[in-house]
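As given, the protein sequences belong to chains B and L, one line each in that order. Residue 1 is where the first sequence starts when you use the UniProt record's numbering, and the numbers rise one by one after that. Residue 1 is where the second sequence starts when you use the UniProt record's numbering, and the numbers rise one by one after that. Every residue, glycine too, gets a C-beta built ideally from N, C-alpha and C.
Number of protein chains: 2
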Amino acid sequence: MVVREVGLRDGLQSIQTILPTDCKREWIRAAYEAGQREIEVGSFVPPRLLPQLADTADLVRFAKTLPDLFVSVLVPNLKGAERAIAAQADLMLVPLSASHAHSLANLRKTPDEVVAEVARIRAVRDAAGSRTLIEGGIGTAFGCTLQGAVEPAEVLRCMQALLDAGADRVSIADTVGYANPAAVRDLFGQARKIAGEKFCCGHFHDTRGLALANIYAAMETGVARFDATLAGIGGCPYAPGASGNAASEDLVFMLGGMGIATGIDINRLLALRARLAGWLATETLHGTLWRAGLPKTYSTAVPTPLAAHTS
Amino acid sequence: MVVREVGLRDGLQSIQTILPTDCKREWIRAAYEAGQREIEVGSFVPPRLLPQLADTADLVRFAKTLPDLFVSVLVPNLKGAERAIAAQADLMLVPLSASHAHSLANLRKTPDEVVAEVARIRAVRDAAGSRTLIEGGIGTAFGCTLQGAVEPAEVLRCMQALLDAGADRVSIADTVGYANPAAVRDLFGQARKIAGEKFCCGHFHDTRGLALANIYAAMETGVARFDATLAGIGGCPYAPGASGNAASEDLVFMLGGMGIATGIDINRLLALRARLAGWLATETLHGTLWRAGLPKTYSTAVPTPLAAHTS
Numbered sequence: 001m002v003v004r005e006v007g008l009r010d011g012l013q014s015i016q017t018i019l020p021t022d023c024k025r026e027w028i029r030a031a032y033e034a035g036q037r038e039i040e041v042g043s044f045v046p047p048r049l050l051p052q053l054a055d056t057a058d059l060v061r062f063a064k065t066l067p068d069l070f071v072s073v074l075v076p077n078l079k080g081a082e083r084a085i086a087a088q089a090d091l092m093l094v095p096l097s098a099s100h101a102h103s104l105a106n107l108r109k110t111p112d113e114v115v116a117e118v119a120r121i122r123a124v125r126d127a128a129g130s131r132t133l134i135e136g137g138i139g140t141a142f143g144c145t146l147q148g149a150v151e152p153a154e155v156l157r158c159m160q161a162l163l164d165a166g167a168d169r170v171s172i173a174d175t176v177g178y179a180n181p182a183a184v185r186d187l188f189g190q191a192r193k194i195a196g197e198k199f200c201c202g203h204f205h206d207t208r209g210l211a212l213a214n215i216y217a218a219m220e221t222g223v224a225r226f227d228a229t230l231a232g233i234g235g236c237p238y239a240p241g242a243s244g245n246a247a248s249e250d251l252v253f254m255l256g257g258m259g260i261a262t263g264i265d266i267n268r269l270l271a272l273r274a275r276l277a278g279w280l281a282t283e284t285l286h287g288t289l290w291r292a293g294l295p296k297t298y299s300t301a302v303p304t305p306l307a308a309h310t311s
Numbered sequence: 001m002v003v004r005e006v007g008l009r010d011g012l013q014s015i016q017t018i019l020p021t022d023c024k025r026e027w028i029r030a031a032y033e034a035g036q037r038e039i040e041v042g043s044f045v046p047p048r049l050l051p052q053l054a055d056t057a058d059l060v061r062f063a064k065t066l067p068d069l070f071v072s073v074l075v076p077n078l079k080g081a082e083r084a085i086a087a088q089a090d091l092m093l094v095p096l097s098a099s100h101a102h103s104l105a106n107l108r109k110t111p112d113e114v115v116a117e118v119a120r121i122r123a124v125r126d127a128a129g130s131r132t133l134i135e136g137g138i139g140t141a142f143g144c145t146l147q148g149a150v151e152p153a154e155v156l157r158c159m160q161a162l163l164d165a166g167a168d169r170v171s172i173a174d175t176v177g178y179a180n181p182a183a184v185r186d187l188f189g190q191a192r193k194i195a196g197e198k199f200c201c202g203h204f205h206d207t208r209g210l211a212l213a214n215i216y217a218a219m220e221t222g223v224a225r226f227d228a229t230l231a232g233i234g235g236c237p238y239a240p241g242a243s244g245n246a247a248s249e250d251l252v253f254m255l256g257g258m259g260i261a262t263g264i265d266i267n268r269l270l271a272l273r274a275r276l277a278g279w280l281a282t283e284t285l286h287g288t289l290w291r292a293g294l295p296k297t298y299s300t301a302v303p304t305p306l307a308a309h310t311s
């Protein structure tokens, strides 16, 4: 099971603190040393929109020096994709919002316009002979705060369209914590039928405390990669103090307890969390394991890091 | 699905505040009006040990005035059981700790001595012509902070012994938050095979954030009743600030989102939580829904309260 660390992107874009590039490098290195092999290091968005992620190209360059680290970035459009290709990122995640209202408000595009952009990205990527994979990430898949309900059929239509447009992979995100285990089981089960192994990742926010239950439900459909952020940073700007993403350390703990290999050393991850808590001293952090500590019975044998996933 | 409120017992016994009897009565009434039909109102332990629960007999008397409310108490021994029978509680939960070390430290009895006490309680109950049900509650079923590992085989042995001794029902508790969904699925699945419908309830602490994931895993084995405490009060005295029980409001929210009827009005429950937060202003409360609020898409149609479970 792969726990993809997205704290450097989805976490840091949602908080006030601008983490210095040196700290981000330390974070990436320590996460790598803890055994994490997939890290989303930033986003190729215009720096005026997200100044806290302006060092993304630097971070890709640094992360690519770590053997077998699979380096992801988010790209909102073709321009971002060109930067990701130039930086030789291993994967670029193109977000699509299944909620039309959210899509127009956040991306200023309809879902179908995002699909068309993915087709252009694919053409440019192939023409450049680049090996940067394209992941279509379908957000607000369980509803959104603007539009309310989002139909599963629309999520699946977008998924098929992304694949047809040339996305190498697709993933589903519960952007605002509206999902529940039954909805996850249903939607993820259908998504697996459409996309098979190309449906590669689930992304769950813990806004209402269900992230880990939702991940467990998703695992039962065969999905084997989940996004998470250290200390659960991220969260919804519209719900001050609400929990953010699934906390990486809590997820690694759950999986380890279940006997599922992640290749990640939980004690090193907890030590890194403590450093992050120092860097983000003015932010609200989340997660529960750091406070309670590991159970006496927990096996902390250092596991072998998983091989990087490149397909 | 029954959400059994145990905050008045498992919650209040673990915190500093001594809640006045009037507040407890208000809590019981408001929980009842929100649709809760099973409430553990206290514990028949010596008042010098738990002065905060000294009003249990009063609370049973009050709770029994509410039509169709199924009123539970905890009893540690025969003496407590005699009080529960005299008070005409609907159910008395006799705790057994599957961890021998925890059993000796907390109950001053071995598990087998607790089983023998259950046999005595059964004899006295039957001789009195009482209809108070006996539930054997097996705690530290996934390990404990003193002993470490607890073998599933020992949990199941205790379960069979409790049934043989005359317990009407049995339940399993993760007293210290050591469980994970895989362990729950395995143990609960085996327990169902041994006890069938008599295995009636799961009790999960959220010490390490997995209570709701564990409950979802347990639901898949067919168990249809879970303990929870409003605002997640309870928690482990050895892990200051750590989360307590599964929060009733978060659990009701999860089940409602999944389309599973609990008979509980989530808005009334959240309103009650706000009152409880006032009563317990100096305590650390838990849960996530109260902060984020309900999703825009959430159905808050007031459901019919479930009929009381008496078998």
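Straight-line spacing of the CA atoms in residue 220/B and residue 142/B works out to 18 angstroms.
When only Cα atoms are considered, residue 163/L and residue 157/L end up about 10 angstroms apart.
Between residue 63/L and the set 8/L, 81/L, 97/L, the nearest pair of CA atoms involves 8/L.
Neighbours of residue 287/B across chain L, judged by C-beta separation under 9 angstroms: 209. Where residue 215/L is concerned, there is no enclosing beta strand (DSSP E), although the alpha helix (DSSP H) around it starts and stops at 211-219. Looking at the DSSP output, residue 92/B sits in a beta bridge with 73/B, 134/B. Residue state for residue 169/B is assigned as strand, using DSSP reduced to three classes. Put simply, the CB of residue 212/L is near chain B, with a gap under 9 angstroms to one of its CB atoms. When DSSP states are grouped into helix, strand and coil, residue 206/L belongs to the coil group. DSSP places residue 243/B outside both helix and strand once states are collapsed to three, so it counts as coil.
A straight-line Cα-Cα distance of about 59 angstroms links residue 70/B and residue 68/L. For residue 4/B, the secondary structure class from DSSP, reduced to helix, strand or coil, is strand. When the five nearest sequence neighbours on each side are left out, the beta carbons in the same chain lying within less than 8 angstroms of the beta carbon of residue 21/L are those of 55, 58, 59, in order along the chain.
Short of 6 angstroms from the beta carbon of residue 201/L, and not among the five residues preceding or following it, lie these beta carbons of its own chain, in chain order: 171, 225. Straight-line measurement puts the Cα of residue 84/L at about 7 angstroms from the Cα of residue 73/L. Contact between residue 152/B and residue 96/B is absent: CB atoms are separated by about 15 angstroms, not below the 8 angstroms threshold. Assigned with DSSP and collapsed to three states, residue 154/L falls in helix. About 6 angstroms separates the Cβ atoms of residue 264/B and residue 3/B, confirming a contact at the 8 angstroms cut-off.
CA-to-CA, the gap between residue 293/B and residue 301/L works out to about 40 angstroms. With fewer than 16 other beta carbons inside 10 angstroms of its own, residue 127/L counts as exposed. Taking CB atoms only, residue 180/B has a neighbour in chain L less than 9 angstroms away.
Below the 7 angstroms Cβ cutoff, chain B contributes no neighbours of residue 34/L, its closest Cβ being approximately 18 angstroms away. Contact with chain B is found for residue 295/L, since one of that chain's Cβ atoms lies less than 9 angstroms from the residue's Cβ. Here residue 65/L carries a coil assignment [DSSP, helix/strand/coil].
Looking at the DSSP output, residue 40/B bridges to 72/B.
In this structure residue 119/B is in contact with residue 165/B, their Cβ atoms being roughly 4 angstroms apart against a cut-off of 8 angstroms. Residues of chain L whose Cβ lies closer than 9 angstroms to the Cβ of residue 148/B are, in chain order, 295, 296, 297. In the structure shown, residue 174/B falls within a strand segment according to DSSP collapsed to helix, strand and coil. The beta carbon of residue 243/L sits closer than 9 angstroms to some beta carbon of chain B. DSSP places residue 265/B in the coil class of the three-state scheme, outside both helix and strand.
In terms of Cα proximity to residue 168/L, the closest of 129/L, 192/L, 286/L, 136/L is 136/L. Taking all protein chains shown into account, residue 48/B has fewer than 16 neighbouring C-beta atoms within 10 Å of its C-beta and is therefore exposed.
Of all residues in the segment 130-157 of chain B, only 142, 143, 144, 145, 146, 147, 148, 149, 150 place a beta-carbon less than 9 angstroms from a beta-carbon of chain L. Listed in chain order, the positions of the segment 245-267 of chain B with a beta carbon within less than 7 angstroms of a beta carbon of chain L are 250, 253, 254, 257, 258, 259. Residue 274/B sits exposed, since fewer than 16 C-beta atoms from the chains shown fall within 10 Å of its C-beta.
Annotated three-state conformation of residue 9/L is helix, per DSSP.
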